[in-house]
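**Q** For my numbering, count along the first sequence from 1 and bump the result up by 802. C-beta: ideal position from N, C-alpha, C; glycine also.
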Amino acid sequence: MTKEKLLLLDGNSLAYRAFFALPLLTNDQGIHTNAVYGFTTMLQKILEEEKPTKMLVAFDAGKTTFRHSTYSEYKGGRQKTPPELSEQFPYLRKLLDAYRIKQYELDLYEADDIIGTLSKEADEQKLEVIIVSGDKDLTQLASDNTTVYITRKGITDIEHYTPSHIEEKYGLTPHQIIDMKGLMGDSSDNIPGVPGVGEKTAIKLLKQYPTIEELYQHIDEVSGAKLKEKLAANEEQAKMSKELATINRQAPIDIKVEELNYEGPDVDTLFSLWQDLSFKSLIQKSEFETEEKEIEAIELDIVETITKDQLASPMAIHLELENESYHTCKRFGLALSNGNKTYYIPFEQLQNSPELIDWLQDENQKKYVFDSKAIQSALYRSDIHLKGVEFDLILAAYIVNPAMSTDDLAAVAKEFGYRDVQTNDIIYGKGAKKAIPSQEVIAEHASRKANAVFHLQTKLEEQLKENEQFDLYRNLELPLASILSEMESEGITVDRERLVEMGRELAEKLKSIEEEIYQAAGEKFNINSPKQLGVILFEKLGLPIIKKTKTGYSTAADVLEKLAPEHEVIQHILEYRQLGKLQSTYIEGLLKVILEDGKIHTRYQQALTSTGRLSSIDPNLQNIPVRLEEGRKIRQAFVPSHPEWKLFAADYSQIELRVLAHMANDENLKSAFVHDQDIHTKTAMTVFHVEADEVTSDMRRAAKAVNFGIVYGISDYGLSQNLSITRKEAADFIERYLSSFPGVKKYMAESIKEAKEKGFAATILNRRRYLPDLHSSNFNLRSFAERTAMNTPIQGSAADIIKKAMIDMAKALKEHNLKAKMLLQVHDELIFEAPNEEIAILEKLVPEVMANAIKLQVPLKAEFASGDTWYETK
DNA sequence: AAGATCACG
DNA sequence: ACGTACGTGATCTTC
803 MTKEKLLLLD
813 GNSLAYRAFF
823 ALPLLTNDQG
833 IHTNAVYGFT
843 TMLQKILEEE
853 KPTKMLVAFD
863 AGKTTFRHST
873 YSEYKGGRQK
883 TPPELSEQFP
893 YLRKLLDAYR
903 IKQYELDLYE
913 ADDIIGTLSK
923 EADEQKLEVI
933 IVSGDKDLTQ
943 LASDNTTVYI
953 TRKGITDIEH
963 YTPSHIEEKY
973 GLTPHQIIDM
983 KGLMGDSSDN
993 IPGVPGVGEK
1003 TAIKLLKQYP
1013 TIEELYQHID
1023 EVSGAKLKEK
1033 LAANEEQAKM
1043 SKELATINRQ
1053 APIDIKVEEL
1063 NYEGPDVDTL
1073 FSLWQDLSFK
1083 SLIQKSEFET
1093 EEKEIEAIEL
1103 DIVETITKDQ
1113 LASPMAIHLE
1123 LENESYHTCK
1133 RFGLALSNGN
1143 KTYYIPFEQL
1153 QNSPELIDWL
1163 QDENQKKYVF
1173 DSKAIQSALY
1183 RSDIHLKGVE
1193 FDLILAAYIV
1203 NPAMSTDDLA
1213 AVAKEFGYRD
1223 VQTNDIIYGK
1233 GAKKAIPSQE
1243 VIAEHASRKA
1253 NAVFHLQTKL
1263 EEQLKENEQF
1273 DLYRNLELPL
1283 ASILSEMESE
1293 GITVDRERLV
1303 EMGRELAEKL
1313 KSIEEEIYQA
1323 AGEKFNINSP
1333 KQLGVILFEK
1343 LGLPIIKKTK
1353 TGYSTAADVL
1363 EKLAPEHEVI
1373 QHILEYRQLG
1383 KLQSTYIEGL
1393 LKVILEDGKI
1403 HTRYQQALTS
1413 TGRLSSIDPN
1423 LQNIPVRLEE
1433 GRKIRQAFVP
1443 SHPEWKLFAA
1453 DYSQIELRVL
1463 AHMANDENLK
1473 SAFVHDQDIH
1483 TKTAMTVFHV
1493 EADEVTSDMR
1503 RAAKAVNFGI
1513 VYGISDYGLS
1523 QNLSITRKEA
1533 ADFIERYLSS
1543 FPGVKKYMAE
1553 SIKEAKEKGF
1563 AATILNRRRY
1573 LPDLHSSNFN
1583 LRSFAERTAM
1593 NTPIQGSAAD
1603 IIKKAMIDMA
1613 KALKEHNLKA
1623 KMLLQVHDEL
1633 IFEAPNEEIA
1643 ILEKLVPEVM
1653 ANAIKLQVPL
1663 KAEFASGDTW
1673 YETK
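#1: What is the DSSP secondary structure of Glu-1093, reduced to helix, strand or coil?
#2: My output table needs one value for Phe-891: the three-state DSSP class, helix, strand or coil.
#3: Alpha carbon to alpha carbon, how far is Arg-902 from Asn-1269?
#4: At 3 residues or longer, and completely inside the stretch 1445-1502: list those beta strand (DSSP E) runs for me, N to C.
#5: Flag this pair as yes or no: are the beta carbons of Leu-1046 and Ile-1097 separated by less than 8 angstroms?
#6: So, at 6 angstroms on beta carbons, what are the nonlocal neighbours of Pro-854 in its own chain, with the 5 sequence-adjacent residues on each side left out?
#7: Pull up the distance between the alpha-carbon of Tyr-1678 and that of Tyr-1378, whole angstroms please.
#8: If you check the beta carbons only, do Ile-1419 and Gln-1438 fall under 8 angstroms apart?
#9: Is the CB-CB distance between Ile-1294 and Ile-1402 below 8 angstroms?
#10: Rounded to a whole number of angstroms, what is the C-alpha to C-alpha distance between Arg-954 and Leu-1573?
#11: So, does the stretch 1219-1226 touch the stretch 1240-1260, judging by three or more C-beta pairs under 8 angstroms?
#12: Can you tell me whether DSSP reads Asp-1209 as helix, strand or coil?
#13: Quick one: residues in its chain with C-beta nearer than 6 angstroms to the C-beta of Gly-1598, no 5 flanking neighbours on either side, listed in chain order?
#14: Taking 6 angstroms as the limit between beta carbons, can you name the residues of its chain near Lys-1435, skipping five residues before and five after?
#15: Please look up how many angstroms separate the CB atoms of Leu-1197 and Leu-1567, rounded, as I've assumed it's under 8 angstroms.
#16: Would DSSP call Gln-1407 helix, strand or coil?
#17: So what does DSSP say about Ala-1237, is it helix, strand or coil?
#18: How many angstroms separate the CA atom of Gly-1511 from the CA atom of Gly-1520?
#19: Evaluate the contact criterion for the stretch 1191-1205 versus the stretch 1236-1243: three or more CB pairs, one atom per stretch, below 8 angstroms.
#20: Would you grab the beta carbon distance between Tyr-972 and Ile-1005 for me? Rounded to a whole angstrom, and I think it's under 8 angstroms.
#21: Does DSSP classify Thr-1590 as helix, strand or coil?
#22: Say yes only if the C-beta of Ala-1254 is nearer than 7 angstroms to one or more non-hydrogen atoms of the ligand FAD, and no if none qualify.
#23: Which partner residues does Phe-861 have in the DSSP bridge list?
#24: For the beta strand (DSSP E) that Asp-1534 lies in, which residues bound it at each end?
#25: Quick check on Lys-955: does DSSP put it in helix, strand or coil?
#26: Is it buried or exposed, Phe-1581, if we count other Cβ atoms within 10 angstroms and call 16 or more buried?
#27: Using the Cβ count rule (16 or more neighbours within 10 Å means buried), how would you classify Ser-1179?
#28: What are the start and end residues of the beta strand (DSSP E) that includes Gly-1135?
#29: Counting Cβ pairs closer than 8 angstroms, one from the stretch 1202-1215 and one from the stretch 1138-1158, do we hit at least three?
#30: Quick check: the Cα distance between Ile-1186 and Pro-1156, rounded to an integer number of angstroms?
#31: By alpha-carbon positions, which one of Leu-1462, Ala-1505, Val-1461 and Arg-1276 ends up nearest to Asp-1480?
#32: Taking the straight line between their C-alpha atoms, what separation do you get for Phe-1440 and Leu-1188?
#33: Could you pull the DSSP bridge partners for Ala-1600 from this structure?
#34: Determine the contact status of Tyr-1454 and Ile-1604, defining contact as a CB-CB distance below 8 angstroms.
#35: Give the straight-line distance between the Cα atoms of His-1464 and Pro-1544, rounded to the nearest whole angstrom.
#36: Taking the C-alpha atoms as reference points, what is the distance between Ala-863 and Gln-1112?
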């Protein structure tokens, strides 16, 4: 049997050390974690190096100890524990529980005394003992069997105090450390000692007289009159100080060395705690070590058909796809799991399994999935209509924390403590190593995913309910996924010839502008290269440098506009940029993604943005040009899918400011919307104290910029940049705005305060965004988080509203038996196509549904237009 | 793979 | 004093 090794840790001391050694880290919910993190890394290191068989962490019990009856000023004058540290102690306790390490504390005694008592007992039993602390006092406990580890700078750098090390360092025995302390005192514990005697003098004296008692017996022999005088005057104090510094090795503890066996951590609990604390590096490191071996075998049947008797409700399903482009990619096969057993059926066979298809299409057969939108869309391509999705892991995880920046099932599962599933990167490889593995490998991978989904359903739903977000998840996001799938699958028709023709024209214009630029520059260069352009403009032509980027001169549009009067080439460059953008992103880009049906099928990312908005990719149909006429013409290529049909567009008017009026409960702002006034003009009237007919276009423009600023979480600098005014003027402006709209002013302050208290900003439908940086000591990070705390409820609530409108809209189209289809969403705008004869119906129905999506304190208003192309819906 | 730029709400 | 407006995606160049 290996020799017993007992590890005794001074919990309080190490937590303090870790806290002050590390910067203030927080987890994604804003709880400080640096002390727990430091403690953990130190613990991991010691466990690995020492491999103890017994362990205990001792804590100080409370404020009063038996030492206070000797000396009431003991530990007096100490700064009280910072709240950022106090809040970490419960997590430290949980951490130790997860490691299954015993913890102990005792009324009236300090951690030292518990350690002293246990180490004495262990020492007598000839156990090897290691004591770990940040407090050098503990070195008095060193012996032949006991080594005391004291953390130096940081927390993982450790000095080992054996009796011989102490001898070498101080020329004293461990026990004399107490006498040393008695003479020199300890300011941190407020132990007085003998004033004027420091470490050097104390050591010198103790080399001559081994203890304080013997020193005083021979006080007359001490050399140096001054020193002798000081010692004589403070005899009582020195003896008391010694008493205070002496660790009590007979504390009345009711725990025995035999009870301290350490058998390693409860891995699952530990991992899930690390998840909660966002200890990503620790998780990764230890997974790296366990990844290969610990993944459990699964029960899997690869089958050619699936019949009713193999199906149940609920079951988790996963359709394994070649890649993320589910509208076009290869579909490998479907895995089904009831939590224990899994089936995998290749996609070709699935298409010939009528009982399985019936089951998939049966609303009453409940399915749990990861990314229902992808599966529904991919099945729809084969005319299979997925119904009965009861749980969607990607949406649930996104609602629990939208900051989770991954769409990989395994990565999401890991976040919630489930690890028997691998990432796509591991199975398929990434970059150059990418390859399609065998069917067996794919089948197992898909089956593990289905298992993961099945196992995580309860946990996620519990968490959603706990956060009061279940309704948002179940009645908004989940039904929306299905509607988005229908919109994506429907797609929008594009007039390919129109795009090609526009491309031809653009190419000609670009060619001639390009030549003019080369002429002006006197040489050929790559106009698309900011680096090369910078050299031409700022070195060759000697134009003034207005702004720099990290890597060189800025040639961004706002800079070039300021340079325009300086040189005629600037205008050409701006035009080249503008047209080049249209050509590459919109003409060539869109032509590339028109499918055989003549349509473009974007994909909405429903679990991506931190505010709750959607995003659109492959292609992005949420940023089709509109502001400039040349670009806007791109919209002429977006057309209805049938002759005698039209496109119909409806957009919310000022939805974000209406949301603000509602949330801030600002009377002035509310009244503007109740009376349906032009909000920017109204703002100008209020801020400039003028009548409606006195508002100039500049005043309105300024008011509009301030309104934007308010929505974004205003800063004087941002506004000054936007309006090209000084910062001071911008600051005055904001001040005037806020005193005109006192409700808004109050809202801004309250949003930050509330987010700070709760740890997150929330929307009308209780969507959350965690903002740990509100507590950051970094000005930039904190300011950013503060602006986010103001902006997220506004932008996010607007997103909630339009999502709700989309659900209501889909229902209304069905109920009215309309042929009209909802095709696109652009944040505050919905685009439909419909037969001509339905347009009049939509003109009534759509604005009504949109306006009634969610009841606010102010009316919601939607404006609409229809036309033969998207361009004409204005 | 990162940075700059520019398209949208 | 600190250095910024909020949220996205695609393309191009450069490293």
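**A** To lay it out plainly:
#1: Any reading at Glu-1093 needs caution, since the residue's pLDDT is 47, under 50, leaving its predicted position unreliable; the model's value is listed next. Helix at Glu-1093.
#2: Here Phe-891 sits in helix by DSSP.
#3: 29 angstroms
#4: Whole beta strand (DSSP E) segments, 3+ residues: 1447-1454.
#5: no
#6: Lys-807, Leu-809 and Tyr-1064
#7: Not covered by the structure: residue 1678. The range shown for the chain is 803 to 1676.
#8: no
#9: Yes, the pair counts as a contact, with Cβ atoms nearer than the cut-off.
#10: A direct Cα-to-Cα measurement between Arg-954 and Leu-1573 gives close to 34 angstroms.
#11: yes
#12: coil
#13: Thr-1413, Gly-1414, Thr-1565 and Arg-1569
#14: none
#15: That belief does not hold up - the Cβ atoms of Leu-1197 and Leu-1567 are roughly 14 angstroms apart, past 8 angstroms.
#16: strand
#17: coil
#18: 8 angstroms
#19: no
#20: Indeed, because the Cβ distance is near 6 angstroms, the residues count as touching under 8 angstroms.
#21: It is helical.
#22: Inclusion of the ligand FAD in the displayed structure is not the case, the ligand content being empty and no account of it being possible.
#23: In the DSSP secondary-structure assignment, Phe-861 is bridged to Glu-907.
#24: Careful: Asp-1534 lies outside any beta strand (DSSP E), inside the alpha helix (DSSP H) at 1529-1542.
#25: coil
#26: exposed
#27: Under the 10 Å beta carbon count, Ser-1179 is surrounded by 16 or more other beta carbons and is classified as buried.
#28: 1133-1139
#29: Flag = no, the stretch 1202-1215 and the stretch 1138-1158 do not touch.
#30: Cα-Cα distance, rounded: 11 angstroms.
#31: Ala-1505
#32: Spanning the two alpha carbons is a distance of roughly 29 angstroms.
#33: For Ala-1600, which the question treats as bridged, DSSP gives no partner whatsoever.
#34: Cβ distance < 8 angstroms, so Tyr-1454 and Ile-1604 count as in contact.
#35: A straight-line Cα-Cα distance of about 14 angstroms links His-1464 and Pro-1544.
#36: 59 angstroms
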